[in-house]
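Undergrad: Each residue of the first sequence is one higher than the last, beginning at 18 in the numbering used here.
Below you'll find the structure I mean.
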Amino acid sequence: MEKFEQDRLEKLKKLREKGIDPYGKSCNGLKSLRSIVESYNEKGEESDNVRVAGRISSLRPHGKAAFADIRDWTGKIQLYIKLNNVGEDQFETFKLLDLGDIIGVEGKVFKTKTGEITIVVENLTVLSKALLPPPEKWHGLRDVELRYRQRYLDLIANEQAMKTSLDRIKIIKGIRNFLDSRGYVEVETPMMQPIPGGAVARPFITHHNTLDMDLYLRIAPELYLKRLLVGGMERIYEINRNFRNEGISTRHNPEFTMLEAYEAYGDYNSMMRLTEELVSKLASELRSDSNISFGEKTVDMTTPWRRARFNELLEEYAGVDFDDEAAMRQKAEGLGLETGNMPRDVVANDIFEEEVVPKLNNPTFVIDYPASLCPLTKLCEDDKRFAQRFELYIASIEIANSYTELNEPLEQEKRFIEQIGGKLDWGKLDDDFILALKYGMPPAGGLGIGIDRLVMILTGNPSIRDVILFPLLRPASRPPAEETVE
RNA sequence: GGGGGCAUAGCUCAGCUGGUAGAGCAACGGCCUUUUAAGCCGUAGGUCGGUGGUUCGAGCCCACCUGCCCUCACCA
């Protein structure tokens, strides 16, 4: 507690008395710890000094010598400090160091008799004196609440946390490279929207003072991206945050990262091919094994992935015939689902989520959804009861959602009105979007991929909070309740 | 929002049937110039999440509150 801080403040004072700045300056010519190890393994011992920096993660003093481990974000390396080598003054400085301090070191690389690649310290710089101790070195930081609230400690203490975070960055970069190489361009559309559209979800509301108007944090960028299709941008994507004022769970964070991509003159089939190529490529770049363990489950990412119609799967896993509405309603009631005044499509979808989704373990494209569930989608040509939409499920989690985009303005307007007549009580009809469509939008395929969920699958983390650096939490301590309010 | 679980030293965890608080790591003092979960000797460290209650006595039982985890609902 305060005791730890007191002890360390005392050492800080002593460092200053020795004329050392405990919060040092920038360093040139630093090498990553991993590169030191790799270069030693390739070339063996070298006569030149190396310069490195890192956080002290272990200290093993031996009187007039000491071993220490320092860690950077590429790995760790052992240091060997000998009184004979560094002299009285620097050895004194070393003794004022603690676990968690960040130091710079210069010295030669060698191998100890136990075979560990080690830097013999010749020169030592204090770069940051830590006033609080890091989490325990062996067990790391286990307390999930602390891991989320103080993510920096998680990153320091748990290698896996750092790896997942860096893997996430690789995945997002991989997506950009993939799309860029296919002639897509990345665009930015409004996060604050006067009418939150492109999905059905409760939005966050905010207010602009000068314009004196309420705005909504976007629930999807879709309607703006399609305006760009109208404007002639033929291959576009956006990777950015969406905000939905809904429940929080292992698969839901109020702000989450979404990829949306649109390809003029494509359709949901072209987007399906794109999705399979993209996701399987990311998977193989990240791990050599095509099997990913995900909680209790194991997912086989080997392509080609299964493609099955919505109603086929309903038949296969729920034993329900989409055409036999009475039997379907009976089945739903048997599952304890509310069927009351629900339209048939909604009942079918409820059964689907209850009975089919839990069984979709290996990557599966579910295609051709009931039409009324897809207000922004073109209908199937051979059966107008279904729409040209697919969703990709992996480990029973919805990863991607794609349509052949509806580009008929009057039909779109009609479907919006039906939707509003239904249950939407926030927002209104986005007639500016309809106006855009009236100028002509090319036929197009559109694709959305939930990035956080994709990262969950590809890194094998079953909780979304482990792939978002700072997931939303309640404040740890809240001010005492006001007696006068409410 | 409903249901279930968890909260003990800085960290990781024990704590029996209710009898007054423990270990390892970290810390502090000492010894130690190839160790690696270094070792050896010694020391210190606690509002047992919070507030009430039951009891001669509460970390333990009860109620309420706070936070987190799981799950259901809303949703991606």
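Even for Gly, the Cβ is constructed at its ideal location relative to N, Cα and C.
Throw me the rounded Cβ distance for the residue 331 and residue 384 pair, which I believe falls under 8 Å.
TA: On the first sequence, position 314 is the one that residue 331 refers to. On the first sequence, position 367 is the one that residue 384 refers to. Rounded, the Cβ-Cβ distance is 13 Å, inconsistent with contact.
Undergrad: Please go through the same chain and pick out, in chain order, the residues whose beta-carbon is closer than 7 Å to the beta-carbon of residue 302, but skip the five residues on each side of it.
TA: Translated into positions along the first sequence, residue 302 becomes position 285. Contacts found: 191.
Undergrad: For the alpha helix (DSSP H) holding residue 408, just list the boundary residues, first then last.
TA: Position 391 of the first sequence, counting from 1, holds the residue named residue 408. It is not in any alpha helix (DSSP H) - residue 408 instead sits in the beta strand (DSSP E) that spans 403-411.
Undergrad: Below 8 Å, can you find three or more Cβ-Cβ pairs linking the stretch 372-388 to the stretch 396-404?
TA: Yes: at least three Cβ pairs fall under 8 Å.
Undergrad: With a threshold of 16 other CB atoms inside 10 Å of the CB of residue 346, please say whether the residue is buried or exposed.
TA: In the first sequence, residue 346 corresponds to position 329, counting from 1. Classification for residue 346: buried.
Undergrad: Check for me: the beta strand (DSSP E) holding residue 417 runs from which residue to which?
TA: Sequence index remark: in the first sequence, residue 417 carries index 400 (1-based). Where residue 417 is concerned, the enclosing beta strand (DSSP E) stretches over 414-421.
Undergrad: Identify the continuous beta strand (DSSP E) that holds residue 230 and give its terminal residues.
TA: Here residue 230 refers to the residue found at position 213 of the first sequence. Counting along the chain, the beta strand (DSSP E) containing residue 230 begins and ends at 230-234.
Undergrad: Measuring straight from C-alpha to C-alpha, what distance separates residue 219 and residue 174?
TA: The sequence position of residue 219 within the first sequence is 202, counting from 1. The sequence position of residue 174 within the first sequence is 157, counting from 1. So the two alpha carbons sit approximately 37 Å from each other.
Undergrad: List, from N- to C-terminal side, the beta strand (DSSP E) runs of 3 residues or more that fit wholly inside the stretch 110-192.
TA: With a minimum length of 3 residues, the continuous beta strand (DSSP E) runs that stay inside the stretch 110-192 are 119-128 and 134-145.
Undergrad: Alpha carbon to alpha carbon, how far is residue 110 from residue 24? Give it in angstroms, no decimals.
TA: Here residue 24 refers to the residue found at position 7 when the first sequence is read from its first residue. Here residue 110 refers to the residue found at position 93 when the first sequence is read from its first residue. Each residue's alpha carbon lies about 15 Å from the other.
Undergrad: For the alpha helix (DSSP H) containing residue 335, name the first residue and the last one.
TA: Locating residue 335 in the first sequence gives position 318, counting from the first residue. Note, residue 335: alpha helix (DSSP H), 327-335.
Undergrad: Is residue 317 closer than 7 Å to residue 536 when the C-beta atoms are compared?
TA: Summary: the structure shown does not reach residue 536, with the chain confined to residues 18 through 503, and so no result is reported for it.
Undergrad: Tell me whether the beta-carbon of residue 125 lies closer than 7 Å to the beta-carbon of residue 137.
TA: On the first sequence, residue 125 is found 108 positions in, with the first residue counted as 1. On the first sequence, residue 137 is found 120 positions in, with the first residue counted as 1. Result yes, Cβ atoms of residue 125 and residue 137 sit closer than 7 Å.
Undergrad: Can you tell which of 338, 375 and 389 has the C-alpha that lies nearest to the C-alpha of residue 363?
TA: Within the first sequence, residue 363 is the residue found at index 346, counting from 1. Selected option, being the one with the closest Cα: 389.
Undergrad: Please classify residue 440 as buried or exposed, where buried requires at least 16 other C-beta atoms within 10 Å of its C-beta.
TA: As a first step, residue 440 is located in the first sequence; it is residue number 423 there, counting from the start. Bear in mind that a pLDDT of 49 at residue 440, under 50, signals an unreliable position, so the number given afterwards is only what the model happens to contain. With fewer than 16 Cβ atoms within 10 Å of its Cβ, residue 440 is classed as exposed.
Undergrad: In chain order, what residues of the same chain have a beta carbon less than 8 Å from the beta carbon of residue 498, not counting five sequence neighbours either side?
TA: Along the first sequence, one-based indexing puts residue 498 at 481. With a pLDDT of only 37 at residue 498, under 50, the local geometry of the prediction cannot be trusted, and the value read off the model is given with reservation. For residue 498, where only same-chain residues beyond five positions count, there are no Cβ hits under 8 Å.
Undergrad: Any contact between the stretch 482-492 and the stretch 278-295? By contact I mean 3 or more CB pairs, one from each, below 8 Å.
TA: Contact fails: fewer than three Cβ-Cβ distances are below 8 Å.
Undergrad: Can you tell me which residues form a DSSP beta bridge with residue 310?
TA: Walking along the first sequence from the start, residue 310 turns up at place 293. Per DSSP, 315.
Undergrad: Can you list, in chain order, the residues of its chain with a C-beta nearer than 7 Å to that of residue 366? Leave out the 5 residues immediately preceding and following it.
TA: Indexing the first sequence from 1 puts residue 366 at position 349. Same-chain partners within the cutoff: 387 and 390.
Undergrad: Which residue's Cα is closest to the Cα of residue 228: 164, 211 and 294?
TA: Indexing the first sequence from 1 puts residue 228 at position 211. Residue 228 has its Cα closest to that of 211, out of 164, 211 and 294.
Undergrad: Can you tell me which of the three DSSP states residue 42 falls into?
TA: Translated into positions along the first sequence, residue 42 becomes position 25. Note: residue 42 maps to coil in three-state DSSP.
Undergrad: Going by other Cβ atoms of all chains shown within 10 Å of its Cβ, with 16 needed for buried, is residue 19 buried or exposed?
TA: Mapped onto the first sequence, residue 19 falls at position 2. Residue 19 should be labelled exposed.
Undergrad: Spatial neighbours of residue 268 within its chain, please: C-beta separation below 7 Å, excluding the five flanking residues on both sides.
TA: By 1-based counting over the first sequence, the position of residue 268 is 251. Cβ neighbours of residue 268 beyond the five flanking positions: 414, 470 and 481.
Undergrad: Closer than 7 Å by C-beta to residue 62: which residues in its own chain qualify, once you throw out the five before and the five after it? Chain order, please.
TA: In the first sequence, counting from the first residue as 1, residue 62 sits at position 45. The residues are 126 and 127.
Undergrad: At what residues does the alpha helix (DSSP H) containing residue 349 begin and finish?
TA: The count along the first sequence starts at 1 and reaches residue 349 at position 332. 342-351 is the extent of the alpha helix (DSSP H) around residue 349.
Undergrad: Tell me residue 259's beta-bridge partners as DSSP assigns them.
TA: Position 242 of the first sequence, counted from the first residue, corresponds to residue 259. The partner list for residue 259 (beta bridge, DSSP) reads 273.
Undergrad: In the DSSP assignment, what residue or residues form a beta bridge with residue 203?
TA: Here residue 203 refers to the residue found at position 186 of the first sequence. Beta-bridge pairing links residue 203 to 254.
Undergrad: For the putative contact between residue 89 and residue 50, defined by C-beta atoms under 8 Å, what is the C-beta separation to the nearest angstrom?
TA: Indexing the first sequence from 1 puts residue 89 at position 72. Indexing the first sequence from 1 puts residue 50 at position 33. With 8 Å as the limit, residue 89 and residue 50 qualify as a contact, their Cβ atoms being about 5 Å apart.
Undergrad: Pull the bridge partners of residue 224 from the DSSP assignment, please.
TA: Counting from 1 along the first sequence, the entry for residue 224 is found at position 207. According to DSSP, which records beta bridges pairwise, residue 224 is partnered with 231.
Undergrad: Pull up the distance between the alpha-carbon of residue 442 and that of residue 355, whole angstroms please.
TA: On the first sequence, residue 442 is found 425 positions in, with the first residue counted as 1. On the first sequence, residue 355 is found 338 positions in, with the first residue counted as 1. Here the model assigns residue 442 a pLDDT of 47, short of 50, so the residue's position is not dependable and the matter cannot be decided.
Undergrad: Nearest CA to the CA of residue 334: which residue from 377, 48 and 94?
TA: Here residue 334 refers to the residue found at position 317 of the first sequence. When each option's Cα is compared against that of residue 334, the closest is 377.
Undergrad: Tell me whether residue 382 sits in a helix, a strand or coil according to DSSP, three-state version.
TA: Translated into the one-based positions of the first sequence, residue 382 becomes position 365. Three-state result, residue 382: strand.
Undergrad: Using a Cβ-Cβ cutoff of less than 7 Å, which residues in the same chain neighbour residue 486 once the five nearest sequence positions on both sides are dropped?
TA: Numbered from its first residue, the first sequence carries residue 486 at position 469. So the qualifying residues of the chain are 168 and 182.
Undergrad: Would you say residue 117 and residue 151 are within 7 Å of each other, going by their C-beta atoms?
TA: Position 100 of the first sequence holds residue 117. Position 134 of the first sequence holds residue 151. The answer is yes: Cβ separation under 7 Å.
Undergrad: Taking the alpha-carbon of residue 143 as reference, which of 419, 484, 31 and 407 has the nearest alpha-carbon?
TA: Your numbering for residue 143 matches position 126 in the first sequence. Closest by alpha carbon: 31.
Undergrad: Would you decide whether residue 328 is buried or exposed? Buried here means 16 or more other CB atoms lie within 10 Å of its CB.
TA: Taking the first residue of the first sequence as 1, we reach residue 328 at position 311. So residue 328 counts as buried.
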